[in-house]
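Read the structure below first, then the notes.
Numbering (the numbering used here), first residue to last: 4 to 154.
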């Protein structure tokens, strides 16, 4: 019983400490107004994980994962010094992937894909350093190409 109480104190102590993270001017600070470094986790009132991210010297660094209250992954984003960098994935609460996008240095870069709630690919787009690029394609709900546009 003592171990359970200690475990609960540790868990709620960590959750409480993380809840005191302050974001201002695009940077994260601890309760002592110092730039925060570490893993930050937020929870829903139900106790399930809501957000998990790594912060280095006050800036988001590496993966940030957002969760639905049912515990399934909602989004996975990747950051480099607070700028989106790498792949960004989005999901429905049943686990179905609905989006895949790429960033480089905070700008849209590379292929982007969007699927509907049934898993049918609906859009394919491409960016080059933030500018629309290449051929974009749109599909209908049956998977038939209904439009293309070249950039």
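Each residue gets a CB set at the ideal place from its N, CA and C atoms; glycine is no exception.
Output needed for residue i: all residues of its chain with C-beta closer than 7 Å, excluding positions within five of it in sequence on either side, in chain order.
i	result
residue 9	A caution first: residue 9 carries a pLDDT of 38, below 50, which makes its placement in the model unreliable, though a value can still be read off. Contacts found: none.
Of all the options the options, which has the alpha carbon lying nearest to the alpha carbon of residue i?
i	options	result
residue 70	85, 94, 152	94
residue 87	145, 72, 113, 74	113
residue 31	47, 85, 61	61
residue 109	116, 63, 97, 68	63
residue 82	34, 106, 36	106
residue 97	26, 115, 103, 76	76
Less than 8 Å between C-beta atoms, sequence neighbours within five positions excluded: which residues of the same chain meet that for residue i?
i	result
residue 123	142, 144, 145, 146
residue 52	44, 45, 46, 70, 74
Need the endpoints of the beta strand (DSSP E) that residue i sits in, please.
i	result
residue 81	76-83
residue 129	124-131
residue 100	100-107
residue 69	62-70
Below 6 Å CB to CB, which residues in the same chain sit around residue i once its five sequence neighbours on both sides are set aside?
i	result
residue 57	42, 64, 65
residue 89	81
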